[in-house]
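Asks: So for the sequence shown, the numbering used here puts the first residue at 71; every next one is plus one.
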Amino acid sequence: MHVKSVSLNVDGQTVRGDLASLGRELEERCGGIPLRFSAIDGRGDAVRCEVETAFGFEGGAEFPSIFEYRRRGPERVDAMNAVMLIPTGVDCTIGGHAGDATPAAKVLAQVCDRLVLHPNVVNASDVNEQPENALYVEGSQICRLLTGAAGLRRVRSNRVLVVTDPAERGGAGFEEDGELGSGWVLDQVVNCASTARATMGIDVPEVLIAHGGLGVRIEYSPAGRATGRIDSLEPLVRLLRSRRAEFDAVAVASKITPPVDSLQLHADYFNGDRPNPWGGAEAALTHTLSSLLEVPVAHAPTMSDLSLRTERYGRVDPRKAAEVISVTYLMCVLKGLHKAPALVAGSSAYDPSELHAEDVSALIVPDGCLGLPVLAARAQGIRVIAVQENENLMRNDLGALGWAPGQFHQVSSYLEAAGLLAAIKAGVAPESVRRPIAPTRVRRGDAPKAGSSHGSSSNGAARRVESRNGHLAGVN
71 MHVKSVSLNV DGQTVRGDLA SLGRELEERC GGIPLRFSAI DGRGDAVRCE
121 VETAFGFEGG AEFPSIFEYR RRGPERVDAM NAVMLIPTGV DCTIGGHAGD
171 ATPAAKVLAQ VCDRLVLHPN VVNASDVNEQ PENALYVEGS QICRLLTGAA
221 GLRRVRSNRV LVVTDPAERG GAGFEEDGEL GSGWVLDQVV NCASTARATM
271 GIDVPEVLIA HGGLGVRIEY SPAGRATGRI DSLEPLVRLL RSRRAEFDAV
321 AVASKITPPV DSLQLHADYF NGDRPNPWGG AEAALTHTLS SLLEVPVAHA
371 PTMSDLSLRT ERYGRVDPRK AAEVISVTYL MCVLKGLHKA PALVAGSSAY
421 DPSELHAEDV SALIVPDGCL GLPVLAARAQ GIRVIAVQEN ENLMRNDLGA
471 LGWAPGQFHQ VSSYLEAAGL LAAIKAGVAP ESVRRPIAPT RVRRGDAPKA
521 GSSHGSSSNG AARRVESRNG HLAGVN
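Dropping the structure here:
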């Protein structure tokens, strides 16, 4: 089995239509199993899309469809729960580097009971300062939460299995040590796991060495988005499935091979202005593994060239600084997975320990970023808040998707997004806080004439709302 990105143009009506139809078209045209969907440029009649796709997997029926949809019931308002997403590999001004969206997440979390976020928001190499009330959830599992296909159950702690590459025999720093050998990178991965056990109390059953490696490579899409290719996943999937009873979450620490010299790639990234090159490949890997294993999965890229140990980058962009001071980039992943929620079947039934689509009040995304989470939120009637200040490579007019009244909001910053969440939580209409305030609308309401079909008028209105919500699969 291998995973790679497929670029294609899709009719705009299909993208804005029901998820089932979109899923069928993408599966047919990609020739594999879609894992991650991004609409890169929706300014024309045809939307340029990129889809991370799995090929050559014999057990295809075991892959849950990312387009599976369960219409949520009425929103539950006993708690204020929001989802914060910042896509990887699209050069987001905030959150596109190394955990630099953490301050924004902390601000949003102050006005939420629970803030669901994914690793890209808070992972900062050796640092993870996610808010206390945050739920650390892999991106594909957030998609399933919003589509209603799955829910999240809070846990006290997880057994976190660490998977890493073998030490490269003959490589720099390699020493013979029984069957496994010892290498500088492998030793540091083990030391990181030991640190997590000794100082944070994390249960790391073992460090599992995946012989042969994963073959993860950085690639760039035609739109300039950082993505990736994975050449050999099936052996790892079989290995993890054989040990499934021994862990609750998986932390993968593996090398990602760049398309150019590693030293040059790092120099270009730290000294220039380009998308984080590793994030797209990491997303492809974690989406695949979490979909197949149905457990939390996160990835840390290990050092691809030992000569990087002696490189000096000086004082880098503060958003990237965490990567310069780290060795394994793994500690943030271990901290996040320590209490990452478990995946459960989607249900409208209330359980105080679980979070389902009915429990989500808002989704916060960078403006212009269009993917499955935004499409699912639109269908479910979940409010979407688009942050204009978080500029990125994606070119979509989210306001033109067709929304129910009051469902879509554009704000200038995450500070304004927090204020909007506070208004939603308080039940305050946002326009009542702004000035000038519009005059109160007064309209004459004439009763329908005798013999007119009130039901037809009502049905027509229902059809219009259905059209605004995208008429997604399962909508009655």
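Backbone N, C-alpha and C define an ideal beta-carbon position, used for all residues, glycine too.
Bear in mind that the values here come from a model prediction, so they are computed numbers and not experimental data.
1. Using CA atoms only, rank isn't needed, just tell me which of Phe340, Glu289, Arg314, Pro506 is closest to glutamate 33.
2. For leucine 155, which of helix, strand or coil comes out of DSSP?
3. Hey, how far is the Cα of alanine 488 from the Cα of serine 312?
4. What does a CB cutoff of less than 7 Å around arginine 99 pick up in its chain, not counting 5 residues either side in sequence?
5. By DSSP's criteria, aspartate 111 is part of a beta bridge. Which residues make up the other side?
6. Take the Cβ of glutamine 83 as the centre, count every other Cβ of all protein chains shown within 10 Å, and call the residue buried at 16 or more, exposed below.
7. Can you look up isoleucine 212 in the DSSP assignment and give me helix, strand or coil?
8. If alanine 204 sits next to leucine 187, beta carbons under 8 Å apart, how far is it from one beta carbon to the other, in whole angstroms?
9. Just the C-alpha distance for serine 303 and lysine 325, rounded to the nearest angstrom, thanks.
10. Just mark leucine 485 as buried or exposed, buried being the case when its beta carbon has 16 or more other beta carbons within 10 Å.
11. Classify methionine 464 as buried or exposed, calling it buried when 16 or more other Cβ atoms lie within 10 Å of its own Cβ.
12. Just verifying my parser: in three-state terms, what is the DSSP assignment at asparagine 79?
13. What residues in its chain sit with their C-beta under 6 Å from that of alanine 171, if we drop five residues either side in the sequence?
14. Only counting the same chain, and skipping five residues up and downstream in sequence, which positions put a Cβ closer than 8 Å to that of valine 414?
15. Please report the straight-line C-alpha distance between alanine 266 and valine 365, rounded to a whole angstrom.
16. Apart from the five residues just before and just after lysine 74, which ones in its own chain have a Cβ nearer than 6 Å to its Cβ?
17. I'd like the list of long-range same chain contacts for glutamine 258, defined as Cβ closer than 7 Å, with 5 residues on each side in sequence excluded.
18. Between aspartate 81 and serine 291, what straight-line distance do the alpha-carbon atoms span, to the nearest angstrom?
19. Kindly indicate the opening and closing residues of the beta strand (DSSP E) around arginine 184.
20. In this structure, how does DSSP classify arginine 429 when only helix, strand and coil are distinguished?
Replies: Judging by the given coordinates:
1. Since the first residue of the chain shown is 71 and the last is 546, residue 33 is not available in this structure.
2. The three-state reading of DSSP puts leucine 155 in coil, since its state is none of H, G, I, E or B.
3. Rounded to whole angstroms, alanine 488 and serine 312 show a C-alpha spacing of 44 Å.
4. Its chain contains Leu78 as the residues whose beta carbon lies nearer than 7 Å to that of arginine 99, once the 5 sequence neighbours on both sides are disregarded; these appear in chain order.
5. In the DSSP output, where bridge partners are listed per residue, aspartate 111 has Arg118, Arg465.
6. It counts as exposed.
7. Isoleucine 212 falls in the helix class under three-state DSSP.
8. At roughly 6 Å, the Cβ-Cβ gap stays under 8 Å, so alanine 204 and leucine 187 are in contact.
9. Note that residue 303 is leucine in the sequence shown here, rather than serine. A direct Cα-to-Cα measurement between leucine 303 and lysine 325 gives close to 14 Å.
10. Result: exposed.
11. The residue in question, methionine 464, is buried, as its Cβ has 16 or more Cβ neighbours within 10 Å.
12. Asparagine 79: strand per DSSP, three-state reduction.
13. Result list for alanine 171: Ile156, Ile164, Gly165, Val191, in chain order.
14. For valine 414, where only same-chain residues beyond five positions count, the Cβ hits under 8 Å are Ala220, Gly221, Leu222, Arg223, Glu424.
15. Using only the alpha carbons, I get a separation of about 20 Å.
16. Answer for lysine 74: Arg299, listed in chain order.
17. The residues are Val397, Thr398.
18. A straight line joining the alpha-carbon of aspartate 81 with that of serine 291 spans about 20 Å.
19. For arginine 184, the uninterrupted beta strand (DSSP E) run begins and ends at 184-187, by DSSP.
20. Correcting the residue identity first, residue 429 is aspartate in this sequence and not arginine. Residue state, collapsed to three classes: helix.
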